[in-house]
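Worksheet: the structure to be examined is printed underneath.
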Amino acid sequence: MTERKVRVRFAPSPTGPMHVGGVRTALYNYLFAKKHGGDFILRVEDTDRERFVPGAEEYIIESLKWCGIVPNEGVGFGNGEYAPYRQSERKSMYRKYAEQLVESGHAYYAFDTTEELEEMRNKMQAAGVSSPQYNSITRQNMKNSLMLPADEAKKRLEAGEQYVIRIKMPRNEEVRVKDLIRGLVVVHTAQLDDKVLFKSDGMPTYHLANVVDDYLMKISHVIRGEEWLPSAPLHVLLYKYLGWEDVMPEFAHLPLLLKPDGNGKLSKRDGDRLGFPVFPLQWTDPKTKEVSSGYREKGYFPEAVVNMLALLGWHPSTNQEIFSLTELIEQFSLERVSKSGAKFDPEKAKWFNQHYLRTRTDKELAEIFMEELKQKLVPINIGSDLQLARVQGICRLLKEKANFTNEFWKLGSYFFIAPEKYDEEVVRKKWNEKSSEFFNKVKEKYFALEKCSHDEAEKVFKQTAEESGIKPGDVMQLFRVIITGGVGGPALFEVVALLGKEEVAKRIEAAVKKFGN
RNA sequence: GGCGCGUUCGUCUAGGGGUUAGGACAUCUCCCUUUCACGGAGGAAACACGGGUUCGAUUCCCGUACGCGCUACCA
């Protein structure tokens, strides 16, 4: 069994946008597969038609692509040898396995209607049973092929009566599930119920479909969320009853992603409430038109999201925090996945993004920023190389100040538009009777310069100050306010150089006009 | 309620029978700096509780508490 080729799958249900917890599950599957030279498969588990949401499948595919978690085979990724990968398209394959289980005595037909099931539950609750189950005891009072006379069950089947197939859970056995993260988990079948395997609409439930597909697709490791741990014994039993025990995959149940404040599973609402995305991509609900924000649209880099998610529940033996996807593949192991749930931390997510922002070249950032500038209708000549070079220069300064590229405009709009408002406090404190004369002198000297580089600009400024008997430090802040309107920002003479002497002159004139006398 | 899983700084975590319990984010102080940020230095900050086992337990065992998950013809 250890000789088997590693094949893992990510098997989401298209019931809505996949959130970051799903992305992390996909990521761990991907890392594990790549680490062992195996395959990563995307299988869409759409056995529940009621909950199907249009666009959800496309959303999942696009999200994986954006994150760089690319499956070897599966829906949207060039179907492979085991196609189809959408369970709705595999519908015809499941019935025979369900029937095989009936024949071998491990499952049975049940004809109970929804009303009858409800009645049974109500009765039992009235009798003090808090969560009634359809199990080895209660099944004796229900309408199923185990209790009905043999010919009646057959008759009902032939008459086309609606039925489901349920597993015949043994009365008192121990089921042992070996989990790569949690160790051995032992459950008694007395606690388990006769789960429906095959629904009356001809579709399998998750439990059957999952086991059958994993078997057929030669899946070697099932890596999924912790919410599946309670049903893992059922799956183990299914492998046994189907005669597939020797090729049963290994299980690894991942800890859950928790909400940043308080406790509980991270949910869609948390993002809205706390103001950070829980989805990789922006999503518009097709019915309500409600929009949920996404990491991509919020300005996160996929590397940052992947890096952050990788460390939420997994840790290498070193203190390394920054990982490329390649490094993650090299170092990943299921043994180092933690057992407890991880609270999601938006602040750390921001820190990761800041890191990756600084690793981007000025040119890459300029390309991103240009897109935004176009939309802002900034009067710059987008097509020209000269302007690209200028925006690159701006990005070089701005990337040291920002966490996200979408903060560039807020941080650096003064590169494109002269300030309209000036920091009042600085003006009030620093502007005096000598200011107009001093800045006019600076302006003239800049004009005399052939090229107003940042070195030259600084030298000239300081010289002028000295000549006027002013300490440079006393006018620096004022100069910044005249140029940018505000008090913070990149090295001032870098800004001056990028703006050019004509623009600087204009801004000095505007300020002198406004505050002079 | 039942069953299962979990519990180290505020958060993510390392560690593991004898440690000054380590790192990162956040926070605070200082340095750098014309500003903001970056960067650097430092500070504050944790083994849920109770019993065992042991010379010694945060680490192993058992309970308790708390949290989470599951308990559908949903996945």
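If you want the working numbering, it's the position in the first sequence, counting the first as 1, plus 1223. Ideal placement from N, C-alpha and C gives every residue a C-beta, glycine not left out.
Worksheet item: So who's on the other strand from GLY1291, going by DSSP bridges?
Response: For GLY1291, which the question treats as bridged, DSSP gives no partner whatsoever.
Discussion item. Rounded to the nearest angstrom, what separates GLU1468 and PRO1569 at their Cα positions?
Written reply: 43 Å
Discussion item. Can you check which of these residues, VAL1445, PHE1546, TRP1654 and GLY1517, is closest to LEU1557 by C-alpha distance?
Written reply: VAL1445
Fill in: Option in VAL1267, PHE1255 and TYR1357 with minimal Cα separation from TYR1332
TYR1357
Item to complete: Could you check how far apart the C-beta atoms of LYS1488 and LEU1479 are, in whole angstroms? I think they sit under 8 Å.
Response: 6 Å
Worksheet entry | Span of the alpha helix (DSSP H) around ASP1436 | 1429-1439
Item to complete: Classify GLU1312 as buried or exposed, calling it buried when 16 or more other Cβ atoms lie within 10 Å of its own Cβ.
Response: exposed
Worksheet item: Which partner residues of ALA1565 appear in the DSSP bridge assignment?
Response: LEU1480
Fill in: Option nearest GLY1425 by Cα separation, candidates LEU1534, LYS1319, PHE1738 and GLU1595
LYS1319
Practice prompt. In angstroms with no decimal places, state the Cα-to-Cα distance between ALA1349 and GLN1414.
Written response: 20 Å
Worksheet entry | LEU1721 and ARG1559 closer than 8 Å at C-beta | no
Worksheet item: SER1540 by DSSP, collapsed to three states: which one?
Response: coil
Item to complete: May I ask which residues mark the beginning and end of the beta strand (DSSP E) holding ILE1693?
Response: Per DSSP, ILE1693 belongs to no beta strand (DSSP E) and is neither H nor E.
Worksheet item: Nearest to HIS1458 by CA position, among VAL1501, TRP1506, ASP1402 and LYS1512, is which residue?
Response: ASP1402
Discussion item. Suppose contacts are defined by Cβ-Cβ distances below 8 Å. Is GLN1323 in contact with ALA1432 by that definition?
Written reply: no
Worksheet item: Nearest to VAL1231 by alpha carbon, out of ALA1279, PHE1499, TRP1654 and GLY1297?
Response: GLY1297
Practice prompt. Keeping to the same chain, check which residues put their C-beta closer than 8 Å to that of PRO1509; ignore five residues upstream and five downstream.
Written response: VAL1276, PRO1277 and GLY1278
Item to complete: Round the Cβ separation of ILE1617 and HIS1578 to the nearest angstrom and send it over; I've been treating them as touching at under 8 Å.
Response: Wrong, their Cβ atoms sit about 21 Å apart, outside the cutoff.
Discussion item. Quick test of your reading: PRO1294 and LEU1265, contact by CB under 8 Å. State the CB separation rounded to the nearest angstrom.
Written reply: 4 Å
Worksheet entry | Buried versus exposed call for ALA1382 [16 or more other C-beta atoms within 10 Å across all chains shown] | exposed
Discussion item. Helix, strand or coil for ILE1552? Go by DSSP, reduced to three states.
Written reply: helix
Discussion item. If you follow the alpha helix (DSSP H) that LYS1652 is in, where does it begin and where does it stop?
Written reply: 1647-1653
Worksheet item: Ordered along the chain, which non-local residues of its own chain (more than five positions away) have a Cβ less than 6 Å from that of GLN1385?
Response: SER1423
Worksheet item: Leaving out the 5 sequence neighbours to the left and right, which residues in its chain are closer than 7 Å to PHE1575 when beta-carbon positions are compared?
Response: ALA1527, ASN1530 and MET1531
Practice prompt. Identify, in the order they occur along the chain, each residue of the same chain with its Cβ nearer than 8 Å to the Cβ of ALA1321, setting aside the five sequence neighbours on each side.
Written response: ALA1330, ILE1388, LEU1420, PHE1421, PRO1427 and LEU1431
Worksheet item: Within 10 angstroms of its Cβ, does MET1224 collect 16 or more other Cβ (buried), or is it exposed?
Response: Confidence in MET1224 is poor, its pLDDT being 47 and thus under 50, which makes the residue's placement unreliable; the coordinate value appears in the next sentence. Counting Cβ neighbours within 10 Å, MET1224 comes out exposed, since fewer than 16 surround it.
Discussion item. What would DSSP say about VAL1229, mapped onto helix, strand or coil?
Written reply: coil
Item to complete: Tell me, to the nearest whole angstrom, how far the beta carbon of ILE1705 is from that of LEU1715; I am working on the premise that it is less than 8 Å.
Response: Not confirmed; about 10 Å, so no contact.
Item to complete: Pull up the distance between the alpha-carbon of ALA1533 and that of PHE1524, whole angstroms please.
Response: 14 Å
Practice prompt. Locate the beta strand (DSSP E) running through ALA1333, then write down its first and last residues.
Written response: 1330-1333
Practice prompt. Please state whether DSSP places THR1507 in a helix, a strand or coil.
Written response: strand
Item to complete: Verify whether the separation of the beta carbon atoms of LYS1288 and ILE1552 is less than 8 Å.
Response: no
Practice prompt. Could you tell me if LYS1228 is buried or exposed, where buried requires 16 or more neighbouring beta carbons within 10 angstroms of its beta carbon?
Written response: exposed
Discussion item. Quick check on the DSSP output: the beta strand (DSSP E) that includes ARG1399 runs from which residue to which?
Written reply: 1397-1402
Fill in: Simplified DSSP assignment, three categories, for LEU1621
helix
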